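See structure below.
Number of protein chains: 2
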Amino acid sequence: MADIYDKVIELARRRGFVWPTSECYGSVAGFIDYGPLGAMLKRKIENVWRDFYIAREGYFEIECPTIGEESIYIASGHVKGFADKMIQCPHCNEFHRADHICDAHGIANSETKSLEELTEILKNLPCPACSETFDGSAVYYFNLMFQTTIGPGSQRTGYLRPETAQGIFTDFGRLLRFYRDKLPFGAVQIGKSYRNEISPRQGMIRLREFTQAEAEIFVHPEKKDHPNFERYAERIVPLRGIKQQECGGEPLEITMREAVSSGIVANEYVAYYVALTHDFLITCGADPKKVRFRQHLPDERAHYATDCWDAEILSGRFGWVETVGIADRTDYDLKAHSKQSGDSFTVFIPYDEPKKGWEKRIVPDMGALGPKYRGKAKAVADALSASKPTDKGAEIEIDGEKILIPPELYEVREHETEIRGEDVMPHVIEPSYGIDRILYSILEHSYDEEDVEGEIRRVLHFPPRVAPVQAAVLPLMGRDDLDTIALKIMDEIQNEGLIAQYDDSGAIGRRYRRQDEIGTPFAITVDYDTKEDKTVTLRDRDSMKQIRCDADKVPGILRDLIRGRISFEDLE
Amino acid sequence: MADIYDKVIELARRRGFVWPTSECYGSVAGFIDYGPLGAMLKRKIENVWRDFYIAREGYFEIECPTIGEESIYIASGHVKGFADKMIQCPHCNEFHRADHICDAHGIANSETKSLEELTEILKNLPCPACSETFDGSAVYYFNLMFQTTIGPGSQRTGYLRPETAQGIFTDFGRLLRFYRDKLPFGAVQIGKSYRNEISPRQGMIRLREFTQAEAEIFVHPEKKDHPNFERYAERIVPLRGIKQQECGGEPLEITMREAVSSGIVANEYVAYYVALTHDFLITCGADPKKVRFRQHLPDERAHYATDCWDAEILSGRFGWVETVGIADRTDYDLKAHSKQSGDSFTVFIPYDEPKKGWEKRIVPDMGALGPKYRGKAKAVADALSASKPTDKGAEIEIDGEKILIPPELYEVREHETEIRGEDVMPHVIEPSYGIDRILYSILEHSYDEEDVEGEIRRVLHFPPRVAPVQAAVLPLMGRDDLDTIALKIMDEIQNEGLIAQYDDSGAIGRRYRRQDEIGTPFAITVDYDTKEDKTVTLRDRDSMKQIRCDADKVPGILRDLIRGRISFEDLE
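The listed protein sequences derive, respectively, from chains B and Y. Numbered per numbering that gives the first Met the number 0, the first sequence spans residues 0 to 571. Numbered per numbering that gives the first Met the number 0, the second sequence spans residues 0 to 571.
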């Protein structure tokens with residue numbers, strides 16, 4: 000029997016939400032097309048995200064290329080480490096992820112096993128494609144970045160970015176100046192990222208080309224209290240901390256304030272974005288009962304992250320799906336780019352008051368050095384000035400040769416100095432969203448079938464704010480001036496900046512069903528009474544209730560309904 | 000001396016519009032980063048485009064992957080034909096475009112010359128990089144698509160799309176069903192496209208990764224009258240038709256109605272989008288005196304296009320730059336994909352009334368065929384039924400052998416039938432916009448320097464609708480409650496959906512200059528009078544005029560100013 004996934008995807012294809020890509024050529028796994036309604040839904044989800052991160056948090060959006068040159072991904076570690084363990088079947092030549100085969104055979108902790116161990120384990124297991132055994136074929140690493148060449152003659156290796164984050168890191172210096180050299184500041188990016196999956200088989204959940212929305216927030220390493228923490232301090236979010244996972248308990252339902260004060264979440268910044276993400280997902284239409292946050296266990300957490308939480312959404316087909324990651328990445332990324340590029344990636348933080356300090360200066364005794372080192376005396380003196388002498392003398396290096404200069408050949412003078420501040424490498428808080436997975440989850444959670452008078456009514460219960468079409472305008476008949484009146488209402492609704500659809504074909508009941516199926520929250524019907532008293536019927540998708548209201552008030556009412564200022568019940 | 004380009008780019012870098020990409024690694028030619036203000040400006044230009052094409056024209060947006068598999072680009076002709084003629088210097092190994100070297104030496108029509116001719120021409124010319132001669136190095140084709148591999152083991156060749164259009168063409172069948180099988184309909188796409196330029200040296204004008212906004216409008220091949228032509232019929236647009244180019248005259252300044260009726264523009268659809276593009280560019284801030292439309296000459300026009308016009312924008316550095324192309328591409332693209340994929344790509348167009356027609360049916364005389372053709376008699380009979388006989392008989396082919404069957408071996412029977420309609424392959428009208436070039440042009444045309452009291456005032460005169468920051472809120476002092484009042488106004492402006500910036504540092508005059516430089520159209524100053532009478536100063540960027548108005552009316556006034564419902568003069 001068709002499960003919820005099949006039903007949602009059938010509707011999504013038929014009504015123009017999501018299509019297989021380049022279908023006339025057989026499509027390609029890991030790629031999808033967003034049809035007219037899907038692209039609209041996606042844009043609206045992205046705009047809600049912008050409302051949260053740009054308008055409210057005040058982090059500006061930037062836009063970097065999707066193709067990046069090699070140094071960036073050497074620094075970030077992707078050239079070396081962004082790989083899956085893969086095996087090719089010697090019989091049918093199909094490629095598989097080694098961990099997926101282990102999972103299918105109940106072999107635990109495959110992630111932590113070496114290539115040799117996996118080769119041994121898989122030796123006698125059957126290939127999922129042809130059922131022959133792997134017969135000792137070697138498991139090896141496959142890098143998941145799409146590679147290309149920039150310019151002619153294989154001049155320069157380029158990669159399609161595996162995440163949008165690196166563009167923000169490499170722009171750190173420019174961003175710092177834009178934000179006038181003060182911490183904290185943040186920048187966000189929404190755009191395509193790429194992951195050359197070995198053999199993707201989970202539709203919209205595992206894509207080779209996908210959309211990320213990422214925020215990189217640069218904070219002082221010792222100041223991880225979010226300035227607006229109070230906004231979410233009392234919000235209760237289901238948390239599966241490390242302890243709940245180890246003991247198999249239910250998620251904790253505690254406030255963010257408790258989560259931070261009890262040490263379950265590492266700091267206010269991480270807690271704040273856990274709560275904001277919860278708020279965002281539910282605003283977009285995720286079912287609150289099917290959203291939870293799971294903390295990374297120490298052995299799965301990237302070695303540099305101090306804390307990391309995934310927003311998981313429950314899917315009927317795929318189980319709990321990771322859709323958002325919120326991590327305190329410390330100074331790992333900036334440090335890596337600083338090392339690779341030689342740039343500093345620090346912020347000068349002035350002290351409230353300049354501090355007094357003692358500066359040591361080493362003064363070589365040229366009268367003694369000259370005769371002893373002759374032609375090298377100048378180089379020795381320079382090296383001495385930059386050295387850090389101990390009681391035994393100063394160790395310097397001249398032309399690769401290490402020399403110990405005894406204390407009698409120089410003098411250490413101390414003088415008082417004023418230190419105005421210090422260079423600090425910020426830490427990075429990163430909330431990272433997978434837009435396609437979120438969109439699929441919203442489709443699935445919004446989908447409903449009801450028996451209405453013996454017929455199945457299929458509905459997508461989108462929140463009005465993200466619904467691709469926000470209002471339908473339906474003249475009872477396409478004649479007798481009803482169409483003219485309806486088109487005028489259409490025009491006024493569109494002038495309000497709303498997306499409306501006009502439909503005059505078929506019985507009115509069938510037209511309502513058509514709109515229910517694409518999640519249009521409100522329908523306006525123009526009938527013969529409209530010609531008499533200038534009122535129309537306004538129908539609510541979810542309750543199927545109808546009221547009469549003045550035609551000229553419709554645009555204003557719709558705007559208030561969609562912005563959530565009033566509810567349909569207020570109108571009854 | 001710095002030309003306008005240098006000045007604009009200096010400001011663009013300093014204030015966060017456009018940055019070199021991955022600058023800490025030396026950046027890469029042909030790629031740029033949009034900083035916070037640039038990304039905002041770009042998004043606003045894209046949204047104005049959406050207002051024109053989606054909200055008003057009613058064409059839905061779709062979103063296809065940027066990576067496409069090979070068949071798509073074999074069909075589209077890009078695998079074979081999307082190439083530049085290139086030469087490598089045998090001395091310094093630098094790559095160059097052959098046509099660029101010809102241009103630099105005044106050699107005309109290099110586009111139409113063969114590889115051999117170019118090799119001969121370039122033989123004694125100096126390399127622009129090292130000045131040595133090319134010494135007969137061969138000119139050859141370099142394909143401009145970025146190539147990659149989808150999945151492991153070089154399984155499948157993929158290309159980064161050279162245009163967004165192909166995704167719309169391959170979705171034709173799905174789109175047709177979405178639009179309920181009726182012509183005309185259209186779909187649009189805004190997204191990244193890629194062109195692996197040989198040696199790009201023109202900043203934002205020649206990018207390897209760029210943003211396109213394309214509309215593909217599918218029309219009946221015999222119905223090229225735009226349903227809303229009247230909207231633009233009287234609009235006057237500067238047109239450099241083929242004749243004006245051949246005779247070197249000034250652009251024609253005629254209405255779109257005249258342009259179509261005189262045959263200068265091929266049809267209403269093309270003329271409509273020429274005018275709409277003119278409207279769009281000026282709405283976004285292009286200087287009307289620096290926009291013109293140039294018709295492709297017969298020898299530069301793609302062989303399949305019946306008419307093609309480029310919107311050209313004048314740049315101080317680059318001359319007339321092509322920013323938009325509007326073409327009637329006929330059925331070239333759909334025919335190509337139909338041939339490559341085997342799908343039909345047609346629309347069934349029902350006749351108003353079913354037509355009566357006579358259908359011929361060929362009935363073989365089996366009694367005569369049997370003895371004559373024995374084992375082959377059945378095959379002959381089948382081939383006969385599908386043949387088109389003449390008076391002399393029916394020519395058929397059996398196992399590669401052509402046989403003429405004389406008329407006495409079959410009978411032709413005619414019977415009346417009803418034909419309900421016909422399958423038609425639509426023609427495509429394509430307006431295609433280069434967003435980055437448009438954005439650069441708007442920066443350049445908006446840029447101005449004025450002498451104000453002995454100091455240079457740098458201003459970006461963006462239309463309020465596209466300005467990245469729409470209002471600045473400036474408390475005269477950051478204390479005495481002025482900041483509290485200003486932050487409250489800030490909040491109200493943001494609730495109106497506008498982007499505002501708060502600035503309390505430095506003298507008020509300097510703050511105005513800072514906002515002028517990023518093109519903020521309006522500034523609100525909160526001073527000590529505000530505390531008394533609840534009024535604020537509202538300043539207009541362009542005239543530098545100031546008025547006083549009630550603080551609580553500011554959000555509404557700003558919204559009306561930005562939507563163009565009122566002008567600043569109305570307030571004086």
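Ideal Cβ placement from N, Cα and C applies to all residues, glycine included. On a predicted model such as this, the values are computed, not experimentally measured, just so you know.
How would you list, in chain order, the residues of chain Y whose beta-carbon sits under 7 Å from the beta-carbon of residue i?
i	result
M85 of chain B	P151
K334 of chain B	By Cβ distance, chain Y contributes nothing, its closest Cβ being about 13 Å from K334 of chain B, past 7 Å.
V468 of chain B	The contacting residues do not exist; V468 of chain B stays about 10 Å from chain Y at best.
Drop a sphere of 10 angstroms on the beta-carbon of residue i, count the other beta-carbons inside from all chains shown, and report buried for 16 or more, exposed for fewer.
i	result
L403 of chain B	exposed
V236 of chain B	buried
Q545 of chain B	exposed
A188 of chain B	One detail in the question is off: residue 188 of chain B reads as Gln in this sequence, not Ala. The residue is buried, with at least 16 neighbouring Cβ atoms inside 10 Å.
D515 of chain Y	buried
E252 of chain Y	exposed
L296 of chain Y	exposed
T65 of chain Y	buried
D351 of chain Y	exposed
T20 of chain B	buried
Shortest alpha-carbon distance to residue i belongs to which of the options?
i	options	result
I86 of chain B	B:G76, B:I73, B:Y72, B:C101	B:C101
N195 of chain Y	Y:R176, Y:Y178, Y:E162, Y:G37	Y:E162
D532 of chain Y	Y:I484, Y:E252, Y:G366, Y:G508	Y:I484
R457 of chain Y	Y:T519, Y:I397, Y:D526, Y:K112	Y:T519
E449 of chain Y	Y:G190, Y:I434, Y:M543	Y:M543
Y158 of chain B	B:G152, B:R42, B:I167, B:T148	B:T148
D170 of chain Y	B:I31, B:G374, B:V472, B:I556	B:I31
L143 of chain Y	Y:E93, Y:E119, Y:A82, Y:I361	Y:A82
R200 of chain Y	Y:F177, Y:A137, Y:G152, Y:S26	Y:S26
R256 of chain Y	Y:A265, Y:Y511, Y:G248	Y:A265
R293 of chain B	B:G284, B:A310, B:T282	B:A310
Note down, in chain order, every chain Y residue with its Cβ under 8 Å from the Cβ of residue i.
i	result
T65 of chain B	T65, K191, E208
Which value, in whole angstroms, describes the spacing of the CA atoms of residue i and residue j?
i	j	result
I523 of chain Y	G477 of chain Y	14 Å
R239 of chain Y	E221 of chain Y	26 Å
Y409 of chain Y	E358 of chain Y	16 Å
R564 of chain B	E495 of chain B	16 Å
G172 of chain B	F217 of chain Y	47 Å
C126 of chain B	D134 of chain B	10 Å
D447 of chain B	I441 of chain B	12 Å
S445 of chain Y	P183 of chain Y	37 Å
F228 of chain B	S566 of chain B	29 Å
E443 of chain B	R436 of chain B	11 Å
S314 of chain Y	L275 of chain Y	21 Å
G185 of chain B	Y58 of chain B	5 Å
D278 of chain Y	Y271 of chain Y	11 Å
Q339 of chain B	F16 of chain Y	26 Å
P151 of chain Y	F141 of chain B	7 Å
Name, please, each residue of chain Y whose Cβ falls closer than 9 Å to the Cβ of residue i.
i	result
M39 of chain B	I53, F59, E60
Y33 of chain B	E60, I61, E62, C63
By the criterion of Cβ-Cβ separation under 7 Å, what are the contact partners of residue i in chain A?
i	result
I523 of chain Y	In the structure shown, chain A cannot be found, because the protein chains are B and Y.
Which residues of chain B have a Cβ atom closer than 7 Å to the Cβ of residue i, listed in chain order?
i	result
T20 of chain Y	C63, P64
Along chain B, in chain order, which residues have C-beta atoms closer than 9 Å to that of residue i?
i	result
N195 of chain Y	T147, T148, I149, G150, P151
What does residue i touch in chain B if you count any residue whose Cβ is under 8 Å from its own?
i	result
F30 of chain Y	P64, I66
Open item on the list: For the region 344-360 of chain B, list every residue whose C-beta sits within 7 Å of some C-beta in chain Y, in sequence order.
Closed with: none
TODO: Return the residues of the region 478-506 of chain Y that lie within a Cβ-Cβ distance of less than 9 Å from chain B, sorted by chain order.
DONE: Q493, G496, I498, S504
Task: Near-chain Y residues of the region 132-150 of chain B - C-beta to any C-beta below 8 Å - done: Listed by position, the residues of the region 132-150 of chain B near chain Y (Cβ gap below 8 Å) are F141, F145, Q146, T147, T148, I149, G150.
- [ ] Scan the region 91-106 of chain Y for residues whose Cβ lies nearer than 9 Å to a Cβ of chain B and list them as they occur along the chain.
- [x] N92, F94
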